[in-house]
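Notes follow the structure.
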Ligand code: GDP
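Residue numbers (full-length UniProt numbering): 6 to 201.
Structural data, given as structure tokens:
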């Protein structure tokens with residue numbers, strides 16, 4: 006697929022406002038600041054497709070993008086921001102789990118984690134929910150340029166090992182928006198999901 010052709014589709018306040026549940030879609034999720042917007046921009050070769058450095062916890066919009074005929078990329082709101090009220094967090098968790106369970110077109114989810122702090126509680130919960138919902142998961146360890154090759158490889162192997170516990174279709178790759186490390190691997194996983 007030509008990810009460069011990705012175009013903004015809609016901004017939805019909640020899952021009920023998403024486009025028609027047909028075709029195939031892949032969602033991107035991660036803690037605020039994990040590097041999700043940067044990864045989407047790197048994937049699509051567009052500097053401002055997904056907006057970086059927004060104010061976390063304000064408007065929790067789900068942005069949808071058109072990739073090809075009936076194929077979509079979904080940018081889910083970042084989670085784990087400390088200053089967000091509990092009520093908002095709980096509402097988000099509920100609508101996220103609902104989306105993972107009910108959305109028929111959802112094929113897989115890319116969960117972005119800073120390679121220096123992978124698999125925090127909410128990350129694990131999200132991967133767990135996704136696997137339980139029968140989804141494929143790609144754990145993308147972002148900002149891989151922050152580690153030298155040795156520690157990078159070590160972390161990658163550790164997270165791969167830990168992810169066996171989810172007992173599902175979970176792939177783990179390292180990624181960097183800064184130097185495009187892992188971009189080919191990301192595209193290969195997405196190509197596979199979108200062609201199934
Ligand atoms: P989001 O909140 O998950 O969408 O994260 P952003 O994409 O806005 O990135 C958060 C911060 O991390 C920004 O300051 C980015 O410049 C930085 N960042 C994102 N990706 C990378 C990367 O691959 N390498 C490095 N060194 N910094 C990154």
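C-beta atoms are modelled at their ideal positions from N, C-alpha and C, and glycine is treated no differently.
Note to self: Using only the alpha-carbon positions, how far apart do residue 114 and residue 139 sit?
What the structure shows: Taking the straight line from one Cα to the other gives about 11 Å.
Check: Cβ atoms of residue 44 and residue 127: under 8 Å apart, would you say?
Finding: no
Notebook entry, point to check: Say the cut is 7 Å; is the CB of residue 147 nearer than that to a heavy atom of ligand 1?
Noted result: yes
Checklist line | Cβ-heavy atom distance, residue 150 to ligand 1, below 7 Å | finding: Correct: residue 150 has its Cβ closer than 7 Å to ligand 1.
Notebook entry, point to check: What residues in its chain sit with their C-beta under 6 Å from that of residue 68, if we drop five residues either side in the sequence?
Noted result: Within the same chain, residue 68 has close Cβ partners 16, 80.
Checklist line | Range covered by the beta strand (DSSP E) that runs through residue 76 | finding: 76-80
Next item on the list: Quick one: measure Cβ to Cβ for residue 42 and residue 55, integer angstroms, because I've assumed they're closer than 8 Å.
Entry: 4 Å
Note to self: Relative to the C-alpha of residue 141, which candidate in 109, 151, 174, 164 has its C-alpha closest?
What the structure shows: 174
Check: Quick one: is the Cβ of residue 173 within less than 7 Å of any heavy atom of ligand 1?
Finding: no
Item checked: Nearest neighbour of residue 99, chosen from 20, 12, 10 [CA to CA] -> 20
Item checked: Nearest residue (CA-CA) to residue 66, options 186, 22, 168, 135 -> The residue with the shortest Cα to Cα distance from residue 66 is 22.
Notebook entry, point to check: Looking only at C-alpha atoms, which of 10, 106, 119 sits nearest to residue 161?
Noted result: 119
Checklist line | CB of residue 48 within 8 Å of CB of residue 104, strictly | finding: In this structure, the beta-carbon distance from residue 48 to residue 104 does not fall below 8 Å.
Margin query: Taking the straight line between their C-alpha atoms, what separation do you get for residue 179 and residue 132?
Written below: 17 Å
Check: With 16 as the cutoff for other CB atoms within 10 Å, does residue 12 come out buried or exposed?
Finding: exposed
Checklist line | C-alpha gap between residue 166 and residue 29, whole angstroms | finding: The straight-line gap from Cα to Cα measures roughly 29 Å.
Notebook entry, point to check: Any heavy atom of ligand 1 closer than 7 Å to the Cβ of residue 181?
Noted result: yes
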